[in-house]
Amino acid sequence: MSLESVTARLPREMLEEIEATAEREKVDRSELIRRLLDSALRQRRIEEAVRDYRDGRVTLWRASEAAGLSLREMMEVVKERKVPVPYTLDDLDRDLEHVRRCVRGKQ
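Next up, the structure:
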């Protein structure tokens, strides 16, 4: 991975916390900042994907792809956040008909 320099102005308290955390974790300040940014960006992708799914703009599968999570992981995320699943009576009817056809096919 190629790295590029970025300059940012930070409040003194934030920089002190970063330096203290880097020392505890035995990494340099730049490495810690990269890790923190990576974590924040990952969280942001998840938040955006959950919002898009909740608003009906994407399917759960597309949301999981956008968030960089497996479908199962995304299902857990929306469950934890109590996002309602858009499951209609038509969906139920379609699923029941599918089950009926599968049962008939096994007889």
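To convert a position in the sequence shown, counted from 1, into the numbering used here, add 66.
Idealized CB from N, CA, C, for every residue including glycine.
### C-alpha distance - LEU135 paired with ARG110, whole-angstrom precision
For the pair LEU135 and ARG110, the Cα-to-Cα distance works out to about 13 Å.
### Query
Does DSSP put GLU82 in a helix, a strand or coil?
Three-state DSSP puts GLU82 in a helix.
### Buried or exposed by the 16-neighbour rule on C-beta atoms within 10 Å, applied to MET67
MET67 comes out exposed.
### Query
Can you tell which of ARG101, LEU107, VAL149, SER71 has the C-alpha that lies nearest to the C-alpha of ILE84?
Nearest of ARG101, LEU107, VAL149, SER71 to ILE84, Cα basis: ARG101.
### Query
For GLU114 versus ALA88, is the C-beta spacing smaller than 8 Å?
GLU114 places its beta carbon 8 Å or farther from that of ALA88.
### Task
For GLY122, collect the residues of the same chain with a Cβ closer than 7 Å to its Cβ; drop the 5 residues on either side in sequence, then sort them by chain order.
Excluding sequence neighbours, GLY122 sits near PRO152.
### Task
Measure the CB-CB distance between GLU139 and SER130 and report whether it falls below 8 Å.
The answer is yes: Cβ separation under 8 Å.
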